[in-house]
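Residues 74 to 235 in my numbering are what the sequence shown spells out, letter by letter.
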Amino acid sequence: AGITALGVLERDINEDVMLTWSYPAITQTMGQVLVGRCGLDDKKLSDAYRWSKLGSTWHYMMTAPVKNNKHPRVNAVCIACLSDQFNPEKFKALLVVLLKMYTSEPSGTPLLKAYLTLFRTAEVGGWADRKFDNRRALIAGSIKSVVKAFGPSCVLLWSAML
């Protein structure tokens, strides 16, 4: 499935955000980037799904409030998936499955099982890697969406670069 690591970031009742679990180990630099970009410091958790890139590694993150008593000192969680592939739709679907696993049993064990299953079969919890074409993700964007996201000044910047 192209996954290089999974991580769990949590915001506790003191509003501290930290990387609490990862497999395999995530470097300290990447951990700091994930903490900074996960969105758990937002009070409203406005953007539940995010992705960005550091070096050659894409990281996809999904955040959610914690509403059960299984983890009383945590009020929000973020599952992060690191990959060398760009496919936001694919990893969003995967993170939905992983987030459900983690919120039902807040420990690294179900995520470790899921990671190993993904490594072996590229399928977990109804999600299958074969349902997604990475090439389509690269051509899915349009110039209209870029202009809408960044405004008309992006056209001027693009022209200046040419």
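Idealized CB from N, CA, C, for every residue including glycine.
The structure displayed is predicted, hence computed values, not measured ones.
Per DSSP, residue i is paired with what?
i	result
Y133	W124 and C154
L92	L82
V197	W200
Quick check on residue i: buried or exposed, where buried means 16 or more other Cβ atoms within 10 Å of its Cβ?
i	result
R208	exposed
D224	As written in the sequence, residue 224 is Gly, which differs from the Asp given in the question. By the neighbour-count rule (16 or more Cβ atoms within 10 Å), G224 is not buried but exposed.
K163	buried
I99	buried
I86	exposed
P179	buried
R84	buried
V139	buried
L189	exposed
T194	exposed
So, under 8 Å CB-CB, residue i and residue j are touching, yes? Tell me the CB distance rounded to an integer number of Å.
i	j	result
S174	G198	According to the sequence displayed, residue 174 carries Met and not Ser. Their Cβ separation, rounded to whole angstroms, is 7 Å, which keeps M174 and G198 in contact under 8 Å.
C151	L82	4 Å
W131	Q101	Not a contact, Cβ separation roughly 19 Å.
L79	L184	6 Å
V90	L118	Not confirmed; about 12 Å, so no contact.
Starting from residue i, trace the alpha helix (DSSP H) in both directions and tell me its first and last residue.
i	result
V139	Unbroken run through V139: none, as it is neither H nor E.
L235	That residue, L235, is in no alpha helix (DSSP H); it is neither H nor E in DSSP.
G181	G181 to T194
R146	R146 -> no alpha helix (DSSP H), and no H or E assigned at all.
L113	Neither: L113 is in no alpha helix (DSSP H) and is coded neither H nor E.
E178	Segment: none, E178 is in no alpha helix (DSSP H) and carries neither H nor E.
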